[in-house]
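> Start counting the sequence shown at 1; every next residue gets the next number (our numbering).
Glycine is no exception: its CB is placed at the ideal position from the N, C-alpha and C atoms.
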Amino acid sequence: MTRWAALGRPAVTAVAASACLALTACTATAPERTDAPISAPASPGVATPSPGAVAADIPPERWAAVRLQSVASLVRARLSAAERDDTRAWLAPLGGPSQAALRRAQGAVLQRMDAIGVEDLELADLRETTAPVPAPPGTSVEWDVRVSLSYRIRDFDTAPRAFDLDLTFKADPVRPQQLGITASAPSGRPQPWDLDGL
1 MTRWAALGRP AVTAVAASAC LALTACTATA PERTDAPISA PASPGVATPS
51 PGAVAADIPP ERWAAVRLQS VASLVRARLS AAERDDTRAW LAPLGGPSQA
101 ALRRAQGAVL QRMDAIGVED LELADLRETT APVPAPPGTS VEWDVRVSLS
151 YRIRDFDTAP RAFDLDLTFK ADPVRPQQLG ITASAPSGRP QPWDLDGL
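(1) Of all the CB atoms in chain B, is at least one closer than 8 Å to the CB of D196?
(2) Tell me the residue span of the beta strand (DSSP E) that contains D166.
(3) Work out the CA separation of A185 and L149 for me, nearest whole Å.
(4) Which whole runs of the alpha helix (DSSP H) in the stretch 86–112 are 4 residues long or more, in chain order?
(5) Using the Cα positions of R175 and R127, report the straight-line distance between them to the nearest angstrom.
(6) Classify R67 as buried or exposed, calling it buried when 16 or more other Cβ atoms lie within 10 Å of its own Cβ.
(7) Based on Cα-Cα distance, which residue from F156, F169 and P190 lies nearest to S73?
(8) Using 10 angstroms around the beta-carbon of L179, count the other beta-carbons present and answer buried if the total reaches 16, otherwise exposed.
(9) Roughly how many whole angstroms lie between the Cα atoms of A171 and V141?
(10) Here's the rule: buried if 16 or more other CB atoms are within 10 angstroms of the residue's CB, otherwise exposed. What is S70?
(11) Helix, strand or coil: which one does DSSP assign to A183?
(12) Could you check how far apart the C-beta atoms of L167 and I181 are, in whole angstroms? I think they sit under 8 Å.
(13) Taking the straight line between their C-alpha atoms, what separation do you get for P190 and A55?
(14) Within the stretch 115–145, note down every full beta strand (DSSP E) run reaching 3 residues or more, in order along the chain.
(15) Could you check where the alpha helix (DSSP H) with Q191 kicks off and where it finishes?
(16) Taking 8 Å as the cut-off, decide whether the C-beta atoms of P173 and A135 are in contact.
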C-alpha cells in the first residue's frame, strides 16, 4: 500500500486541491494599479488623468510653452477684433456674468479705440510676471502676463507707439487653449482709450 493510499481518498483530494490553489495564486493576473501615472495628453505637453486614478498636481513649468502660445494667440485674436471693431470677438474671452464689470469696461475701451482711430495694433512681446500654482486637471488657475504692444493713431502718428498691458488669465492646465481673461490694466502710463472722459 502506498503512502497516498494510506491517507485515503479524501486526504488525497484535499492535497490536490491545495496544490491547484497554490499554482493559481502564483499565476493569477495582478490587480490593476490605482496609482497609475497620468495618461496621454489632451494638449501638447499637458497630461490628463486616467480613469480611476488620483489626479496629481500639474506643475506650471510642465505646461509653460503651450500656456504662452495660447496667450499669444488670444492676444492676437483680440487685436484683430479691435481693428475690425468686432465687439463680440473682443469681449468673448472675458467670461460670463461674473465678469460683467470687466466686460463693460472693455466694451468702453473698444469704443474709445474706434473713436480715436487706433490702427496697426501689433504684439511685440509677452512675459509671465506671476506663474500659476500647481493644480490637478479640472481645476482652473490664474496667472499674470505683461504684454508689450504697439499701435498708431490714424492720420496722426508717423511711427508706432509702444505700451505695456497687464493681463490676468485663467485656464485648466489640461485645456490651456480654452483660457479667459479675468483682469486687464495698463502697465504704467495709461493710453488715451483708458481715460473715461475721452
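Looking at the atomic coordinates:
(1) Included in the structure is just one protein chain, with no chain B present.
(2) R161 to D172
(3) 13 Å
(4) 87–91
(5) 20 Å
(6) buried
(7) F169
(8) buried
(9) 6 Å
(10) buried
(11) strand
(12) 6 Å
(13) 43 Å
(14) 118–130
(15) Q191 -> no alpha helix (DSSP H), and no H or E assigned at all.
(16) yes
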